[in-house]
Amino acid sequence: MRTSSITLAIATMAGFTIAAPAPEASPEAAPQAPVDLEKRQSLGIFVTADINFGGRSEHLIVTRGSCLTLGNGWPNVISSFGPDSGLTCTIWDDNGCTGASRGGIVFPGISNLVTVGWNDRINSFRCN
């Protein structure tokens, strides 16, 4: 009976020595979620020089409620206008959000501004 107990003890200890070591704890702290997610989100509009969101493109960051007069080669060349989800935008054909306008543009936007008479006309816009 003593031989059986010794054999059982050796077999049990052998199982412990074969087992893989436990992973070491990481010294790095887990990343914390940001306190203010609104600051991280950069909402804007996606504009392209060609219809169907083709050609030269750029994502322009917006400040809600502020008029943005286009620069960087975009005045009078936009053929697709797409606000990010959650924005409603109005476009104008003059600088400073003046002149003729078209409002109520929401995600996914207008992929072919030719169809609504606004191809190559946008000079400024405002989103809320």
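What the sequence shown shows, in mature numbering (1 follows the signal peptide of the UniProt record, and there is no 0), is residues -19 to -1, 1 to 109, in sequence order. Cβ coordinates follow ideal geometry from the N, Cα and C atoms, glycine included. Since this is a predicted model, take the numbers as computed values, not measurements.
Nearest-angstrom Cα separation, counted from residue j out to residue i
i: residue 111; j: ASN76; result: Examination of residue 111 is not possible in this model, given that the chain is present from -19 through 109 alone.
i: SER66; j: GLY84; result: 16 Å
i: ASP31; j: SER47; result: 26 Å
i: SER92; j: PHE27; result: 10 Å
i: SER68; j: SER61; result: With the sequence shown as reference, residue 68 is identified as Leu, and Ser is not the correct amino acid for it. Each residue's alpha carbon lies about 16 Å from the other.
i: ILE42; j: CYS78; result: 17 Å
i: THR50; j: PRO89; result: 21 Å
i: CYS108; j: ILE72; result: 9 Å
Presumed contact (8 Å Cβ cut-off) between residue i and residue j, rounded CB distance
i: ASP74; j: ASN104; result: 6 Å
Beta-carbon gap between residue i and residue j smaller than 8 Å
i: ALA38; j: THR29; result: It is Ser, not Ala, that sits at residue 38 in the sequence shown. Going by C-beta atoms, SER38 is nearer than 8 Å to THR29.
i: PHE34; j: CYS70; result: no
Nearest candidate by alpha-carbon position, reference residue i, set the options
i: VAL58; options: LEU24, VAL95, ALA81; result: VAL95
i: VAL87; options: GLY98, HIS40, GLY63; result: GLY63
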